[in-house]
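Visitor: I'd like to ask you about the structure that follows.
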Amino acid sequence: MNTGEGKTLTAFLPICLNALLGRTVFVITEKKQLYNDCAVVYTTGSELGFDYLRNNLITNIEDKRKQDYYYAIADEIDSLFIDECTNPLIISQRAQGGSVISPAEYQLATKLANSLVEKKDYKVDQKENDVWLTQKGIKKTKHLYHKDIEYIVDKEEQKLVLIDALTGRLVPNRVYSSGIHQAIESKENLPVSTKSKTIATITFQNFFRLFDKLSGMTGTATSEADEFRQVYGMEVIAIPPYRKLIRKDRNDLIFWDKESKYKAIIKLIKKNSQTKKRPVLIGSPSVEISEYLSSLLVKEGIPHNKLNAVNHQQEAEIVAQAGQLGTITISTNMAGRGTDIVLSEESRKAGGLLVIGVERNTARRIDNQLRGRSGRQGDPGESRFYVSLEDELIKNFGVKEQVGKIFSQKQLKELFHRPLSGKIFNYLISEPQETLRNFHAHNRQYHLNYDLLINRQRQLIYNYRNKLLSAADLTKIIKKKTKKAKGELIPIEPEYLKARLVKEIDNFWSEYLESLNKIRTLANVKYYLPQEPQEAFF
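Just so we're aligned: the sequence shown equals residues -22 to -1, 1 to 516 in mature numbering (1 follows the signal peptide of the UniProt record, and there is no 0).
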């Protein structure tokens, strides 16, 4: 269903239908709500998943929450079920004995990483987000994790805060694993936090497959129909729009370099400010680029609003103003998915919201979400992406080098001073997105296969754990499981015994998860192995 066509209202019907059956209905949204025991529960996907893990870590059966995984309906379902599912839900605690690696060792590794020379000492594969022929971890942090792109530094709190690449929002409770978080802290001269160990984990794919019934709504799911069917057993159905879409989606303007692209964007904004004064939404892929664009507008004396992970306190106010005549808004993906920009009557008459994409995103679905902020419910609007051969996505696929091989030096000189056009350029720009779409689909299956290995074991552990907590008499269970138990056991307080047994189970399970993660990490060193990583793991 297209953006602005009433997905949230439509969801009300299946919600009520399933609630009338006397079962719990979970409505999954990006806006966090208080979890409770009502028939209909509005919550986030991660909160619901963590609640499942926490419920299987309780040490008193009376604290166990009744969980009825009957029906869940997810808003923006492709974001949760497709994009976010490679980030497993993990509950961790501080490892006993403190960090395995000391802060001084992280600092030493940072100095070592800074002394390395790319191509000579190591190689970076930006397309697959990988580094090899180097020591693990710290070199990844130097060349694959960048300030104001993957994370920001909170100077007041003196800590890292990660940025969700899909939404552009801060995720304060998320940390990198395998020592990467501590290595970045060292690189940014922050206090190095204590390394933690995993005590419970599950992927979104396996968690949502606990439900009897699943459904959801989004405006951008048709391209992933096969994956919804194969992983979740769900069919994708396209609903025709209620009002005809009259937004004009222009072809990309492609430039040789970033400087030319930014000049063209500023020129368009200045022209619009002097003539129609349509509201403008400029979509940026990162905090860094949004800040740079803002500085260019400041130099030109063009007033504007800025919305990103650093400057998010006035989000509601900025979004409310974004549809007003003459308003210019620069935003990361925060103003993409799920944001409703309401046009004033003057803005409609001026031609509606003009959406400018500063770069192509890694997924075309994210581009379409940005376009979808304009032309909602039959409103007028326009969208266009400005792309350069120096953009990260394009550069990582060597498009500029390919163009250099196709055209002569004389032809190349002509390309420097005007937008590039033609089927060859359209193909070269779109091909990286399609390649990444296939790569990410393979990566999601890759993560799912790993979790399938422990999913059955996780169920057995949790079931046995619940059996212990529910048992009135543990004597029979202990005798059955322990061959050394002879005669009468020494009398022990039942609750103490339960707590002790459960603690031992949790400790061994945590050690097992850590061991699996180490094996998995070793298996991922694919550049040294003649076999696929999963084959090495299994």
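We put the beta carbon where it would ideally sit given N, CA and C, even for glycine. Quick caveat: nothing in here was measured; it's all calculated off a predicted structure.
Under the assumption that Ile308 contacts Ile260 (Cβ atoms under 8 Å), give the Cβ distance between them as a whole number of angstroms.
Guide: Here residue 308 refers to the residue found at position 330 of the sequence shown. Here residue 260 refers to the residue found at position 282 of the sequence shown. Correct: roughly 5 Å between the Cβ atoms.
Visitor: Within the same chain, show all residues whose beta-carbon is closer than 8 Å to that of Leu148, passing over the 5 residues directly before and after it, in chain order.
Guide: Residue numbering aside, residue 148 sits at position 170 when the sequence shown is read from its first letter. Only Ile130, Val139, Leu140, Ile141, Asp142, Ala287, His290 meet the Cβ criterion.
Visitor: Is it true that the CB of Gly301 sits closer than 8 Å to the CB of Leu321?
Guide: One-based indexing of the sequence shown puts residue 321 at position 343. One-based indexing of the sequence shown puts residue 301 at position 323. In contact: Leu321 and Gly301 (Cβ atoms closer than 8 Å).
Visitor: What are the boundary residues of the alpha helix (DSSP H) that includes Tyr405?
Guide: For this step, residue 405 is matched to residue 427 along the sequence shown. Per DSSP, Tyr405 belongs to the alpha helix (DSSP H) from 401 to 448.
Visitor: Ignoring anything shorter than 3 residues, give me the beta strand (DSSP E) runs that lie fully in the segment 197 to 247, in order along the chain.
Guide: Runs found: 231 to 233.
Visitor: For Ile6, list the residues DSSP reports as bridge partners.
Guide: Start at 1 with the first residue of the sequence shown, and residue 6 comes out as number 28. Looking at the DSSP assignment, Ile6 forms a beta bridge with Thr21, Ala52.
Visitor: Determine the contact status of Gly329 and Arg221, defining contact as a CB-CB distance below 8 Å.
Guide: If you number the sequence shown from 1, residue 329 lands on position 351. If you number the sequence shown from 1, residue 221 lands on position 243. No; because the gap between Cβ atoms is not below 8 Å, this pair is not in contact.
Visitor: Check this for me: beta carbons of Phe4 and Leu26, under 8 Å apart or not?
Guide: Position 26 of the sequence shown, counting from 1, holds the residue named residue 4. Position 48 of the sequence shown, counting from 1, holds the residue named residue 26. The answer is yes: Cβ separation under 8 Å.
Visitor: Out of curiosity, what's the CA-to-CA distance linking Ser264 and Asn444?
Guide: The count along the sequence shown starts at 1 and reaches residue 264 at position 286. The count along the sequence shown starts at 1 and reaches residue 444 at position 466. Computed Cα separation, rounded: 45 Å.
Visitor: Find out if the Cβ-Cβ distance for the pair Thr(-15), Asp53 is shorter than 8 Å.
Guide: On the sequence shown, residue -15 is found 8 positions in, with the first residue counted as 1. On the sequence shown, residue 53 is found 75 positions in, with the first residue counted as 1. Yes, Cβ-Cβ distance for Thr(-15) and Asp53 is below 8 Å.
Visitor: Comparing alpha-carbon positions, which option in Ile306, Ser366, Thr7 lies nearest Leu231?
Guide: To locate residue 231, count along the sequence shown from 1; it is residue 253. Of the listed residues, the one whose Cα sits closest to Leu231 is Ser366.
Visitor: Does the count of Cβ pairs from the segment 183 to 199 and the segment -15 to -4 closer than 8 Å reach three?
Guide: Counting Cβ pairs under 8 Å, three or more are found: they touch.
Visitor: Using a Cβ-Cβ cut-off of 8 Å (strictly less than) and excluding sequence neighbours within five positions of Ser251, which residues of its own chain qualify?
Guide: The residue you call residue 251 lines up with position 273 of the sequence shown. The residues are Ile280, Gly304, Ile306.
Visitor: Can you grab the Cα-Cα spacing for the pair Ser493 / Phe59, in whole Å?
Guide: By one-based count along the sequence shown, residue 493 stands at place 515. By one-based count along the sequence shown, residue 59 stands at place 81. The straight-line gap from Cα to Cα measures roughly 27 Å.
Visitor: Along the chain, where does the alpha helix (DSSP H) containing Asn184 start, and where does it finish?
Guide: Here residue 184 corresponds to residue number 206 of the sequence shown, with the count starting at 1. Counting along the chain, the alpha helix (DSSP H) containing Asn184 begins and ends at 182 to 186.
Visitor: Buried or exposed, going by whether 16 or more other CB atoms sit within 10 Å of the CB of Glu482?
Guide: If you number the sequence shown from 1, residue 482 lands on position 504. Answer is exposed; the Cβ neighbour count stays below 16.
Visitor: Report the partner residues of Asp132 according to the DSSP bridge assignment.
Guide: Here residue 132 refers to the residue found at position 154 when the sequence shown is read from its first residue. Lys137.
Visitor: Helix, strand or coil for Ile68 per DSSP?
Guide: Stepping through the sequence shown from its first residue, residue 68 is reached at position 90. Strand at Ile68.
Visitor: Can you tell me the Cα-Cα spacing of Gln136 and Gln160, whole angstroms?
Guide: The count along the sequence shown starts at 1 and reaches residue 136 at position 158. The count along the sequence shown starts at 1 and reaches residue 160 at position 182. If you take the alpha carbons of Gln136 and Gln160, they lie about 13 Å apart.
Visitor: Grab me the residues of Ile55's own chain with a C-beta within less than 6 Å of its C-beta, minus the 5 sequence neighbours each way, in chain order.
Guide: Start at 1 with the first residue of the sequence shown, and residue 55 comes out as number 77. So the list reads Gly194, Thr196, once near-sequence residues are dropped.
Visitor: Sorted by chain position, which residues of the same chain lie with C-beta nearer than 8 Å to Ala242's C-beta, five sequence neighbours on each side aside?
Guide: Here residue 242 corresponds to residue number 264 of the sequence shown, with the count starting at 1. Only Leu231, Phe233, Tyr364, Pro397 meet the Cβ criterion.
Visitor: Can you tell me whether Thr(-15) is helix, strand or coil according to DSSP?
Guide: Within the sequence shown, residue -15 is the residue found at index 8, counting from 1. The answer is helix: DSSP assigns Thr(-15) an H, G or I state.
Visitor: Am I right that Thr64 and Asn421 are in contact with their C-beta atoms under 8 Å? What's the rounded C-beta distance?
Guide: Position 86 of the sequence shown holds residue 64. Position 443 of the sequence shown holds residue 421. Going by Cβ atoms, the distance from Thr64 to Asn421 rounds to 6 Å, so yes, they are a contact pair.
Visitor: Pick from Tyr428, Ile439, Ala419, Asp451: whose alpha carbon is nearest that of Glu205?
Guide: Here residue 205 refers to the residue found at position 227 when the sequence shown is read from its first residue. Ranking the options by Cα distance to Glu205, first place goes to Ala419.
Visitor: Could you give the C-beta distance for Ile244 and Glu266, rounded to a whole number, given that I count them as a contact under 8 Å?
Guide: Working through the sequence shown from its first residue, we reach residue 244 at position 266. Working through the sequence shown from its first residue, we reach residue 266 at position 288. 18 Å between Cβ atoms; not a contact.
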